[in-house]
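Asks: I have a structure I would like to understand better, so I am pasting it below and will then ask my questions one at a time.
There are 2 protein chains.
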Amino acid sequence: MLAAERRDHLLELLARQGKIVAKEVAAELGISEDSVRRDLRDLAAEGLCQRVYGGALPVSPAVVDYGARQSVAPDGKRKVASVAAGLVRPGGTVILDGGTTALAVAHALPRDLACTVITHSPPIAVALLDHPQAEVFVLGGRLFKHSAVTCGAAAAEAAQNVSADLFLLGVTGVHPEAGLTTGDAEDAAMKRALAARAADTYVLASSEKIGTASRFRVLPWAETSGLVTDKDPHDPVLEQLAENGVEVLPAG
Amino acid sequence: MLAAERRDHLLELLARQGKIVAKEVAAELGISEDSVRRDLRDLAAEGLCQRVYGGALPVSPAVVDYGARQSVAPDGKRKVASVAAGLVRPGGTVILDGGTTALAVAHALPRDLACTVITHSPPIAVALLDHPQAEVFVLGGRLFKHSAVTCGAAAAEAAQNVSADLFLLGVTGVHPEAGLTTGDAEDAAMKRALAARAADTYVLASSEKIGTASRFRVLPWAETSGLVTDKDPHDPVLEQLAENGVEVLPAG
DNA sequence: CCCGTTCTTGCACGTTTCTGCATGTATCGT
DNA sequence: ACGATACATGCAGAAACGTGCAAGAACGGG
């Protein structure tokens with residue numbers, strides 16, 4: 003591995019996970035921690051990261067350049083996105099829902115991951131423009147501006163023509179009794195249509211969604227494979243879900 | 003192996019695997035590392051790669067990206083976009099092509115214009131998110147990353163289901179004999195399909211496009227209604243077009 | 001056909017850069 | 001305060017680098 007390449011890798015890691023742990027990276031890349039430390043020192047000298055004890059953090063968002071600016075998702079969403087991105091297998095096909103959390107997943111995908119991404123969200127399509135190895139398929143339809151996704155009959159029909167291994171579903175409410183809910187009926191229908199086209203459906207739920215419910219039911223728990231959240235797994239709501247057979251993937 | 007051939011090989015390698023390791027290439031091609039280094043040095047001098055210790059990397063896509071993304075539309079494109087936006091009638095339906103000029107049109111549309119916009123460009127869909135009165139319809143399909151538009155069979159099929167008053171067509175070349183041209187065959191086919199669905203087709207051509215031609219023909223002049231450009235209307239190329247019955251809308 | 005020129009290529013040499021280890025110091029958590 | 005961990009520094013071997021040089025090929029003019 004080239005030294006400069008390693009440097010790029012560090013920067014990408016920083017943008018994707020929001021932090022770097024020197025020890026982990028050294029082990030992952032099979033190089034000494036000294037080299038990682040040296041790289042981090044250099045990057046910090048160029049103002050590209052902030053050196054901290056044990057690793058590095060992104061430079062404060064105010065100073066950060068344009069590239070990272072758009073990837074400023076709240077910490078919780080980024081953690082969820084990072085774990086969810088790990089569910090996407092190389093060569094696999096994933097349906098990415100709309101919403102800010104799903105957008106964070108798009109940003110969290112390794113830049114050179116070879117996979118197929120199906121989405122009905124134009125912002126996600128735009129975010130994936132610089133993933134050269136990702137084959138992106140956009141589901142057309144009427145643009146629902148509130149969520150920045152396409153929906154309606156045309157979109158639902160387009161969804162019937164695709165299949166995927168995985169659907170990463172964003173919702174606005176996750177509640178033991180109310181189930182998975184969202185604020186728009188059409189949007190809910192679209193999510194249902196997408197879930198029906200994927201072998202597995204994982205729900206993206208940053209902590210603020212847990213225990214809340216919105217107006218329209220999306221899916222029953224039985225049709226989901228699991229839930230990715232940064233909320234403490236010992237939270238009563240999550241424990242109740244786990245008892246009901248929902249696989250909870252912690253993103254702490 | 004010819005020197006120029008070797009150079010091409012290096013560039014292709016760079017594009018394919020995102021990096022070049024001098025030692026590996028030298029062994030693979032059976033030449034000395036010195037020659038590889040010399041080639042890389044030359045390529046770097048031409049700005050075709052970035053030289054690093056041990057090999058080379060592509061010119062940072064980040065630099066290109068941000069440059070293009072950040073740079074507000076050049077003056078010419080903005081003038082063209084402004085005039086073209088004026089062609090959109092309240093309550094009317096317009097098909098907006100992809101490309102930076104069409105994106106400028108989206109930005110130039112009055113924020114509360116009530117109209118229907120059909121597009122196969124995710125960035126344009128995103129740009130129209132804050133036009134509350136605009137009904138936006140996205141044509142889905144495989145995402146062609148170079149132009150940031152959807153194309154392919156699915157997109158062409160989706161195009162068959164819409165109709166519009168107006169198609170604002172972006173091209174890369176406007177030439178009296180070669181006609182309207184663009185750099186990608188699929189993209190050209192998509193533009194043709196869109197032109198067939200609109201009553202009128204107006205070409206968006208900022209001055210640098212006038213008199214140039216690209217690889218693939220899009221449309222004959224007969225199927226266009228007019229041309230919007232900021233180039234001096236007395237330009238010989240434009241006068242020749244006008245003689246052939248093309249309506250030239252000046253955007254000076 | 002011959003000769004001089006130019007360009008390319010590989011080799012040799014000295015220099016720079018990188019990397020991992022060892023050492024001693026600073027910092028963190030308990 | 002203490003041990004554990006992370007850190008900076010110095011060092012040595014290895015790898016990559018630039019440069020100069022010479023052999024060979026391609027080319028053009030006489």
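The listed protein sequences derive, respectively, from chains A and B. Every number in our numbering is 2 more than the matching position in the first sequence, counting from 1. Every number in our numbering is 2 more than the matching position in the second sequence, counting from 1. Virtual Cβ for every residue (Gly too), placed ideally from N, Cα, C. Predicted model, so just to flag it, every value in this text is computed and none were measured.
Taking only beta-carbon positions, decide if H11/A is within less than 9 angstroms of chain B.
Replies: Numbered from its first residue, the first sequence carries residue 11/A at position 9. No, its Cβ sits nowhere closer than 9 angstroms to a Cβ of chain B.
Asks: For a minimum of 3 consecutive residues, which ranges assigned as the beta strand (DSSP E) are wholly contained in the segment 210 to 244 of chain B?
Replies: 218 to 221 and 228 to 231
Asks: Taking the alpha-carbon positions, what's the G100/B to A28/A distance?
Replies: Residue mapping note: residue 100/B aligns to position 98 of the second sequence, counting from 1. Residue mapping note: residue 28/A aligns to position 26 of the first sequence, counting from 1. Whole-angstrom Cα-Cα distance: 43 angstroms.
Asks: Is DSSP giving Q19/B helix, strand or coil here?
Replies: As a first step, residue 19/B must be located in the second sequence, where it is residue number 17. Here Q19/B sits in helix by DSSP.
Asks: Is P112/A close to chain B, meaning its C-beta is less than 9 angstroms from at least one C-beta of that chain?
Replies: Here residue 112/A corresponds to residue number 110 of the first sequence, with the count starting at 1. Judged by the 9 angstroms Cβ criterion, P112/A is not in contact with chain B.
Asks: Tell me the residue span of the beta strand (DSSP E) that contains G252/A.
Replies: Start at 1 with the first residue of the first sequence, and residue 252/A comes out as number 250. Just to set this straight, residue 252/A is Pro in the shown sequence, not Gly. Counting along the chain, the beta strand (DSSP E) containing P252/A begins and ends at E249 to P252.
Asks: So with CB distances below 8 angstroms, who are the chain B contacts of E7/A?
Replies: Start at 1 with the first residue of the first sequence, and residue 7/A comes out as number 5. Think of a sphere of 8 angstroms around the beta carbon of E7/A: the chain B residues whose beta carbon falls inside it are K21, V54 and L59, in chain order.
Asks: Span of the beta strand (DSSP E) holding E137/B?
Replies: Here the question's residue 137/B lines up with position 135 in the second sequence. E137/B -> beta strand (DSSP E) spans A136 to V140.
Asks: Is the shortest distance between the beta-carbon of V176/B and the beta-carbons of chain A less than 9 angstroms?
Replies: Here residue 176/B is taken as the residue at index 174 of the second sequence, counted from 1. For V176/B, the answer is no, since every Cβ of chain A falls outside 9 angstroms of its Cβ.
Asks: For the segment 123 to 146 of chain A, list every residue whose C-beta sits within 8 angstroms of some C-beta in chain B, in sequence order.
Replies: P124, P125, A127, V128, L130, L131, D132, P134, E137, V138, F139, V140, L141, G142, G143, R144 and L145
Asks: Which residues bound the alpha helix (DSSP H) around R53/B?
Replies: On the second sequence, residue 53/B is found 51 positions in, with the first residue counted as 1. No alpha helix (DSSP H) contains R53/B, which is instead part of the beta strand (DSSP E) from Q52 to V54.
Asks: Give the residues of chain B in contact with L171/A, contact being defined as C-beta atoms less than 8 angstroms apart.
Replies: For the purposes of this step, residue 171/A is taken as residue 169 along the first sequence, with counting starting at 1. Correct list: empty, because the minimum Cβ distance to chain B is about 19 angstroms.
Asks: Kindly say whether N246/B, judged by its beta-carbon, lies nearer than 9 angstroms to any beta-carbon of chain A.
Replies: Against the second sequence, residue 246/B aligns to sequence position 244. Chain A, which has no Cβ nearer than 9 angstroms to the Cβ of N246/B, makes this no.
Asks: Could you give the DSSP three-state label for G181/B: helix, strand or coil?
Replies: Position 179 of the second sequence, counted from the first residue, corresponds to residue 181/B. G181/B: strand per DSSP, three-state reduction.
Asks: I need the straight-line Cα distance from V248/B to Q135/B, nearest angstrom please.
Replies: Start at 1 with the first residue of the second sequence, and residue 248/B comes out as number 246. Start at 1 with the first residue of the second sequence, and residue 135/B comes out as number 133. About 32 angstroms.
Asks: If we ignore side chains and look at the alpha-carbon of each, how far apart do P238/A and G142/A end up?
Replies: Numbered from its first residue, the first sequence carries residue 238/A at position 236. Numbered from its first residue, the first sequence carries residue 142/A at position 140. Taking the straight line from one Cα to the other gives about 40 angstroms.
Asks: What's the call for E179/A, buried or exposed, on a 16-neighbour Cβ count within 10 Å?
Replies: As a working mapping, residue 179/A is identified with position 177 in the first sequence. Exposed, because fewer than 16 other Cβ atoms sit within 10 Å of the Cβ of E179/A.
Asks: Establish whether the CB of A160/B and some CB of chain A are separated by less than 9 angstroms.
Replies: Position 158 of the second sequence, counting from 1, holds the residue named residue 160/B. It does: the Cβ of A160/B has a partner Cβ on chain A nearer than 9 angstroms.
Asks: Residues in the same chain with beta-carbon distance under 7 angstroms from G154/A, minus the five sequence neighbours each way, listed in chain order, please.
Replies: Start at 1 with the first residue of the first sequence, and residue 154/A comes out as number 152. Same-chain partners within the cutoff: G143, R144 and E188.
Asks: Does the segment 155 to 166 of chain B touch the segment 127 to 134 of chain B, meaning 3 or more C-beta pairs lie closer than 8 angstroms?
Replies: Verdict: no, contact absent.
Asks: Would you call the segment 94 to 111 of chain A in contact with the segment 88 to 108 of chain B, where contact means no fewer than 3 C-beta pairs closer than 8 angstroms?
Replies: no
Asks: Below 8 angstroms CB to CB, which residues in the same chain sit around L13/B once its five sequence neighbours on both sides are set aside?
Replies: The residue you call residue 13/B lines up with position 11 of the second sequence. Same-chain partners within the cutoff: L45, L50 and C51.
Asks: For a test of the three-state rule: what should DSSP assign to G172/B, helix, strand or coil?
Replies: Working through the second sequence from its first residue, we reach residue 172/B at position 170. Reduced to three states, the DSSP call for G172/B is strand.
Asks: Give the straight-line distance between the Cα atoms of K21/B and L171/A, rounded to the nearest whole angstrom.
Replies: What you label residue 21/B is simply residue 19 of the second sequence in a count that begins at 1. What you label residue 171/A is simply residue 169 of the first sequence in a count that begins at 1. Distance from the CA of K21/B to the CA of L171/A, rounded to the nearest whole angstrom, comes to 35 angstroms.
Asks: T103/A CB to nearest chain B CB: under 9 angstroms?
Replies: Counted from its first residue, the first sequence places residue 103/A at position 101. With 9 angstroms as the cut-off, T103/A does not count as an interface residue toward chain B.
Asks: Going by DSSP in three states, D41/A sits in which element: helix, strand or coil?
Replies: In the first sequence, the residue the question calls residue 41/A occupies position 39. DSSP places D41/A in helix when its eight states are reduced to three.
Asks: Which bits of chain B does L115/A rub up against, with CB to CB less than 7 angstroms?
Replies: The sequence position of residue 115/A within the first sequence is 113, counting from 1. None at all; the shortest Cβ gap to chain B is about 13 angstroms.
Asks: Express the C-alpha separation of D232/A and G32/A in angstroms, rounding to a whole number.
Replies: Position 30 of the first sequence, counted from the first residue, corresponds to residue 32/A. Position 230 of the first sequence, counted from the first residue, corresponds to residue 232/A. About 29 angstroms.
Asks: CA-CA distance, Q242/B and R18/A?
Replies: Numbered from 1 along the second sequence, position 240 holds the residue referred to as residue 242/B. Numbered from 1 along the first sequence, position 16 holds the residue referred to as residue 18/A. The alpha-carbon separation between Q242/B and R18/A amounts to approximately 54 angstroms.
Asks: Could you spell out where the alpha helix (DSSP H) holding G100/B opens and where it closes?
Replies: Stepping through the second sequence from its first residue, residue 100/B is reached at position 98. No alpha helix (DSSP H) holds G100/B; DSSP gives it neither H nor E.
Asks: Between R217/A and G181/A, which are expected to be in contact by the criterion C-beta below 8 angstroms, what is the C-beta distance as a whole number of angstroms?
Replies: Within the first sequence, numbered from 1, the residue matching residue 217/A stands at position 215. Within the first sequence, numbered from 1, the residue matching residue 181/A stands at position 179. Taking a contact as a CB-CB distance under 8 angstroms, the pair R217/A and G181/A does not count as one, their CB atoms being some 12 angstroms apart.
Asks: Would you kindly work out how many angstroms separate the C-alpha atoms of G254/A and A157/B, rounded to a whole number?
Replies: The residue you call residue 254/A lines up with position 252 of the first sequence. The residue you call residue 157/B lines up with position 155 of the second sequence. Distance between the alpha carbons of G254/A and A157/B: 41 angstroms.
Asks: Mind checking L59/A: buried by the 16 CB within 10 Å criterion, or exposed?
Replies: The count along the first sequence starts at 1 and reaches residue 59/A at position 57. Classification for L59/A: exposed.
Asks: Please report how far the alpha carbon of V173/B lies from the alpha carbon of T183/B, in whole angstroms.
Replies: For this step, residue 173/B is matched to residue 171 along the second sequence. For this step, residue 183/B is matched to residue 181 along the second sequence. Each residue's Cα considered, the two are about 6 angstroms apart.
Asks: Assuming D114/B is part of the beta strand (DSSP E), what are its boundary residues?
Replies: To locate residue 114/B, count along the second sequence from 1; it is residue 112. Careful: D114/B lies outside any beta strand (DSSP E) and carries neither H nor E.
Asks: In chain A, which residues lie with their C-beta within 9 angstroms of the C-beta of A150/B?
Replies: Here residue 150/B corresponds to residue number 148 of the second sequence, with the count starting at 1. Within chain A, A127, V128 and L131 have C-beta atoms less than 9 angstroms from the C-beta of A150/B, given in sequence order.
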